[in-house]
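So the structure is just underneath, and the comments pick up after that.
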Amino acid sequence: MLSPAEPHFTSAPAKIILFGEHAVVYGQPALAIPVSSLRVTVRITEDSQTSFVAGEWSRNVPADITRTLVTDPLLKLARSTADFLGVPLPRARFEIHSDIPVASGLGSGAAVSAALGRAVAAAAGRTLSDSDLNALVYDIETLHHGTPSGIDNTVIVYERPVYFLRGQAPQPFDILKPLTLLIADTGKQALTKDSVGDVRALVETDPAYAMPRIERIGHITDEARTALACGDIDLVGRLMNENHGLLRELTVSSPELENLVNSALHSHAIGAKLSGGGRGGNMIALVEPHFEDDVRTALAAAGAVRVISTVVA
Ligand code: PMV
9 MLSPAEPHFT
19 SAPAKIILFG
29 EHAVVYGQPA
39 LAIPVSSLRV
49 TVRITEDSQT
59 SFVAGEWSRN
69 VPADITRTLV
79 TDPLLKLARS
89 TADFLGVPLP
99 RARFEIHSDI
109 PVASGLGSGA
119 AVSAALGRAV
129 AAAAGRTLSD
139 SDLNALVYDI
149 ETLHHGTPSG
159 IDNTVIVYER
169 PVYFLRGQAP
179 QPFDILKPLT
189 LLIADTGKQA
199 LTKDSVGDVR
209 ALVETDPAYA
219 MPRIERIGHI
229 TDEARTALAC
239 GDIDLVGRLM
249 NENHGLLREL
259 TVSSPELENL
269 VNSALHSHAI
279 GAKLSGGGRG
289 GNMIALVEPH
299 FEDDVRTALA
309 AAGAVRVIST
319 VVA
């Protein structure tokens with residue numbers, strides 16, 4: 009149980025997909041990493057009732073919670089976590105704070121669910137294994153995405169780089185030389201559900217066009233895994249560029265993403281691509297550390313609303 013005097017905190021990170029988004033939905037591999045500097049944090053304080061607060065949004069949870077559950081993923085996660093643990097919803101105030109922009113390919117929905125699942129367990133004085141939390145968060149992801157591959161919840165819950173294949177246990181991957189990545193936000197929100205739905209429509213109406221591209225993305229991901237293990241950063245960059253071109257051909261890029269990708273490449277980036285669902289959200293650029301400032305400046309001049317850097321080691 010919580011100590012009444014002190015608030016407790018739980019958290020979960022953002023994530024980015026390095027290679028393989030969209031193709032991963034069709035059984036191809038993908039590589040993704042957590043971004044530990046951007047997080048969702050939940051502050052838990054004991055209270056006489058159960059309440060959830062996220063910015064302007066708040067809910068006290070009364071007896072009619074089952075009615076609320078139908079439409080509210082956040083409460084549904086809290087309820088399903090408590091049910092899984094076999095406990096009533098703990099009487100506590102759960103305040104959710106997020107640094108992660110929504111609908112931008114950084115996994116904000118999965119991070120909120122993961123941090124909140126941990127918070128409900130902590131408030132109940134119980135522990136939840138990563139694998140059980142992962143399954144609970146995946147269920148909520150299906151409300152947001154329809155047919156999620158499971159990559160977001162896996163990277164975020166385990167908070168480690170993963171080579172991911174749908175339906176298989178996540179595998180670690182080796183990185184011989186650290187990668188410096190800039191993550192730049194177009195500022196345009198886009199729903200992953202929509203881009204995933206459009207790729208599915210393309211696969212169904214024109215499989216001869218879509219499937220070779222999806223399969224090539226899978227091969228690129230495997231080649232990138234080998235290149236990362238050998239420290240061949242130039243090859244990693246070229247593979248990022250090819251992966252981006254294929255995502256564009258699958259219709260999930262956008263003028264804003266093209267603009268940022270081209271600006272990064274014209275300013276010393278080794279490779280660049282959109283990351284996540286696409287159509288908006290974030291792109292990533294692989295840079296030599298001594299060119300980081302140049303590429304950052306170019307991205308900002310091209311309209312990025314936020315550029316953060318992360319080192320993958
Ligand atoms: O937009 P994001 O960060 O949620 O990324 C989704 C990744 C996709 O491959 C497009 C969808 C999925 O379920 O894997």
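Mind the numbering: the sequence shown is residues 9 to 321 in the working numbering, read in order. Glycine included, each C-beta is placed from N, C-alpha and C at the ideal position. None of the values given here were measured: they were computed from a predicted structure.
task: Note the first and the last residue of the continuous beta strand (DSSP E) segment covering glycine 158.
output: No beta strand (DSSP E) holds glycine 158; DSSP gives it neither H nor E.
message: Quick check: the Cα distance between glutamine 197 and glutamate 266, rounded to an integer number of angstroms?
response: 15 Å
- prompt: Which stretch, first to last residue, makes up the alpha helix (DSSP H) that contains lysine 84?
  reply: 81 to 93
query: Just to check, is the beta-carbon of serine 157 closer than 8 Å to a non-hydrogen atom of ligand 1?
result: yes
query: Is it the case that the Cβ atoms of aspartate 206 and threonine 259 are separated by a distance below 9 Å?
result: yes
query: isoleucine 52: which of Ser45, Val61, Leu46 sits nearest, CA to CA?
result: Val61
message: Between the alpha carbons of glutamate 223 and threonine 229, how many angstroms are there, rounded?
response: 10 Å
message: Checking 9 Å against the spacing of the C-beta atoms, do threonine 8 and leucine 144 come in under that value?
response: This structure leaves residue 8 out entirely; the chain is present only between 9 and 321.
message: Would you say threonine 200 lies against chain C (beta-carbon separation less than 9 Å)?
response: Of the protein chains in the structure, only one exists, and it is not chain C.
- prompt: Hey, would you say phenylalanine 102 sits closer than 9 Å to alanine 131, going by beta carbons?
  reply: yes
task: May I have a chain-ordered list of the alpha helix (DSSP H) segments no shorter than 4 residues that lie completely inside the region 111 to 143?
output: 116 to 131
query: For ligand 1, any of its heavy atoms closer than 8 Å to the Cβ of valine 32?
result: yes
message: Please list the terminal residues of the continuous beta strand (DSSP E) segment that includes aspartate 55.
response: No beta strand (DSSP E) contains aspartate 55, which DSSP labels as neither H nor E.
task: Indicate the three-state DSSP secondary structure (helix, strand or coil) for glutamate 27 in the structure shown.
output: It should be pointed out that residue 27 corresponds to phenylalanine in this sequence rather than to glutamate. Phenylalanine 27: strand per DSSP, three-state reduction.
- request: Answer with buried or exposed for proline 297, where buried requires no fewer than 16 other C-beta atoms within 10 angstroms of its C-beta.
  value: exposed
- prompt: Does the beta carbon of threonine 200 fall short of 8 Å from some heavy atom of ligand 2?
  reply: Among the ligands modelled here, namely ligand 1, ligand 2 does not occur.
Own chain, CB closer than 7 Å to glycine 239, minus 5 neighbours either side, in chain order: Leu184, Lys185
message: When you measure from the CB of histidine 105 to every non-hydrogen atom of ligand 1, does any distance come out below 8 Å?
response: no
message: Taking the alpha helix (DSSP H) that leucine 255 belongs to, which residues open and close that run?
response: 241 to 257
- request: Give every residue of the same chain whose Cβ lies closer than 7 Å to the Cβ of isoleucine 164, excluding the five residues on either side of it in the sequence, and list them in chain order.
  value: Ala20, Pro21, Lys23, Pro42, Gly115, Ala118, Ala119, Ala122
field: Environment of threonine 213 [buried if 16+ CB atoms lie within 10 Å]
entry: exposed
- prompt: Apart from the five residues on each side of it in sequence, which residues of its chain come closer than 8 Å, Cβ to Cβ, to glycine 286?
  reply: Glu29, His30, Gly113, Ala198, Ser203, Leu255, Val260, Ser261, Ser262, Leu265
field: Endpoints, the beta strand (DSSP E) within which threonine 213 is located
entry: Looking at the DSSP string, threonine 213 is not in any beta strand (DSSP E); the run it does join, the alpha helix (DSSP H), is 200 to 213.
query: Would the beta-carbon of histidine 252 be found less than 8 Å away from any heavy atom of ligand 1?
result: no
- request: May I ask whether a heavy atom of ligand 1 can be found less than 8 Å away from the beta carbon of lysine 23?
  value: yes
message: At the level of alpha carbons, what is the spacing between leucine 273 and glycine 279?
response: 7 Å
Burial state of aspartate 216 (16 or more Cβ within 10 Å): For the record, residue 216 in the displayed sequence is alanine; it is not aspartate. By the 10 Å Cβ count, alanine 216 comes out exposed.
- prompt: Quick one, which of Leu93, Ser59, Pro81 has its alpha-carbon nearest arginine 99's?
  reply: Ser59
task: Check whether the Cβ of alanine 122 sits closer than 8 Å to any heavy atom of ligand 1, and report yes or no.
output: no
field: glycine 35, DSSP secondary structure in three states
entry: coil
- prompt: What is the residue span of the alpha helix (DSSP H) that serine 106 lies within?
  reply: Unbroken run through serine 106 is the beta strand (DSSP E), 100 to 106; no alpha helix (DSSP H).
message: Can you tell me whether alanine 38 sits near ligand 1, meaning its C-beta is under 8 Å from at least one heavy atom of the ligand?
response: yes
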